[in-house]
Amino acid sequence: MRNGEVSFWFADAGGVPAPRPALDGDRQVDVCIIGAGFTGLWTAYYLKAAEPGLSIAVVEKEFAGFGASGRNGGWCSGEFGWSRERYRDRPGVIAMEAQLRATVEEVIRVAEAEGIAADIRRTDLLTFACNPAQLSRLDASLAEARAWQVPTERFSRIGAEAARSRIRVAGAEGALVTHGVARVQPAKLVRGLAAAVERRGVAIHEQTAVTAIAPGVVTTDRGRITAGRIVIATEGFTPRLPGRRRDLLPLNSALVVTEPLPDALWEEIGWREHELLADNAHAYCYAQRTAGNRIAMGGRGVPYRFGSALDHRGETQAATIADLRRILRNMLPQTRGLRLDHAWCGVLGVPRDWCAAVSFDAQSGMGRAGGYVGLGVSTTNLAGRTLADLLLDRRTERTGLPWVDHDTRRWEPEPLRWLGVMGMYGLYRQADRQEARAGVTRTSRLAALADRLTGH
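Okay, so the sequence shown: first residue is 1 according to UniProt numbering, each after it adds one.
This is the structure in structure tokens:
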């Protein structure tokens, strides 16, 4: 089994790409974007669409899509996954949710317009409940969505028999169906988007490490870029930037992918519509049926490395692989004889209040976006469009959304970060074990304690 090598998605897309040329000395541009993941590339794309004459440089330490953009679970869901109350703007949150839902079709529109073949398929998300406590949380989340005026056609709640008729998940007692989502192959999408912005004249400088950031100047190991507007789009890699170690916490997520399944096994499992799949545990898992008829299954594994340390090119721990293998076989016992072909991991950016944000300060010319907490495939698109509006000083329906200029405090220094995050996930796992016992119908109090521990 391959472990790391960035991700299965890159292997599936033809391998890790040859790097683009690094920055070659000093240069001056209108906009400098740090990070060639989805956030940075979408920002460049919409800036060029609005003002083709802008000169834009994207600097990237590795290669486009090296981070979470090329390693995620391939969910383009348009979900709102943060605390609605923390944004303190009910009408704004309702509008933001509508904008997020619309990102799914916007991503598909751009992919079609740019000829990006990213195995995109419109489908549903099925969140399964496998015990009464999980089922009660499904109903509570549906009630909350209704209270926040999410359209009734967005969700439907199905019982055990209907849920198992779609995917034969062991022990399923029901599921929440989220309509209007899409499955994607993320490495193909990010590589295609990088090529699209290059065709529009954006320069992508790979193998170029940023060593200092100040208003108007980005200093790298290959030269200096002078720019009136600078965007930081580094998500889980933000702690590597000078002076930003505690801005975002790099939360680990890992995945495994199986060998291709034969048709006879798919007949046993179902999954005919290539739905996105999740469970409703606290230490939850997520999965997709790939275009190549494999199962990609993800979860937290070891959630955090001390000191905001990062993985080496996606290599994950043996214990994490074993845990994901166990989760897959417990959910889908039909897969017990399957070989795992690839395992990998990556990091996602978590703000201290667990709420995504976009900002731009016109006086300093500094902008940023991030903190998607695992919902970046769709959210980055809205972030890119919003940043483009802000950088161009255009007031739109996006620039007034409550995540614009939303701020939060920094994470605590070590060892408090490590103790908090590891303690939180330890409590989540214990809560899941409690809820799996016969006769338990309510959410474990340990889960609420875990949330309070880190402000989740």
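Heads up, the beta-carbon is just placed ideally off N, CA and C, and yes, glycines get one too.
Reduced DSSP secondary structure (H/G/I, E/B, other) of residue i
i: M424; result: helix
i: Q334; result: helix
i: I33; result: strand
i: L251; result: strand
i: T399; result: coil
i: residue 475; result: Shown here, the chain extends from 1 to 456; a query on residue 475 therefore has no answer.
i: R2; result: strand
i: I116; result: coil
i: D389; result: helix
i: R27; result: strand
i: R452; result: helix
i: D12; result: helix
i: F237; result: helix
i: G73; result: coil
i: residue 511; result: Residue numbering for the chain in the displayed model covers 1 to 456; residue 511 lies beyond these limits and cannot be assessed.
i: A57; result: strand
i: V440; result: coil
Beta-carbon proximity of residue i to residue j, cut-off 9 Å
i: R222; j: A209; result: yes
i: A343; j: G299; result: no
i: A57; j: V93; result: no
i: E79; j: L375; result: yes
i: Y284; j: M422; result: no
i: S364; j: D407; result: no
i: I321; j: N72; result: no
i: Q288; j: W75; result: yes
i: A175; j: R146; result: no
i: G292; j: P260; result: yes
i: V377; j: P250; result: no
i: W42; j: A356; result: no
i: Q185; j: E62; result: no
i: I232; j: R329; result: no
i: D311; j: N252; result: yes
i: L142; j: F155; result: yes
i: M1; j: L340; result: yes
i: A196; j: V110; result: yes
i: N280; j: L401; result: no
i: G314; j: V190; result: no
i: V270; j: S165; result: Sequence check: residue 270 is Gly here, not Val. Yes, Cβ-Cβ distance for G270 and S165 is below 9 Å.
i: C130; j: A162; result: no
i: R200; j: A50; result: no
i: A68; j: G307; result: no
i: residue 457; j: I204; result: Outside the shown range of the chain (1 to 456) lies residue 457, about which nothing can therefore be said.
Expected contact under 8 Å - CB spacing of residue i and residue j to nearest Å
i: P242; j: A212; result: 6 Å
i: A182; j: R137; result: Contact doesn't hold; Cβ gap of about 25 Å is too wide.
i: A296; j: L125; result: Not a contact, Cβ separation roughly 14 Å.
i: E114; j: G192; result: 6 Å
i: V16; j: V6; result: 6 Å
i: T39; j: A383; result: 5 Å
i: G420; j: W354; result: With a Cβ gap of about 12 Å, G420 and W354 do not count as contacting.
i: residue 477; j: A436; result: Absent from the model: residue 477. The displayed extent of the chain is 1 to 456, so no value can be given.
i: A64; j: A194; result: 4 Å
i: E275; j: I167; result: 7 Å
Beta carbon proximity, residue i to chain B, threshold 9 Å
i: T335; result: Any reference to chain B falls outside this structure, which holds one protein chain only.
Start-to-end residues for the beta strand (DSSP E) that takes in residue i
i: V347; result: 340-350
i: T123; result: 121-129
i: S359; result: 357-361
i: R368; result: 366-370
Where the alpha helix (DSSP H) through residue i begins and ends
i: F66; result: Premise fails: F66 is in no alpha helix (DSSP H) and is neither H nor E.
i: A49; result: 38-50
Unbroken stretches of the alpha helix (DSSP H), 4 residues or longer, contained in the stretch 170-229: 186-199
Complete alpha helix (DSSP H) runs within the stretch 248-324 (minimum length 4 residues, chain order): 263-269
Whole runs of the beta strand (DSSP E) within the stretch 131-164, excluding any shorter than 3 residues: Complete beta strand (DSSP E) runs here, min 3: 155-159.
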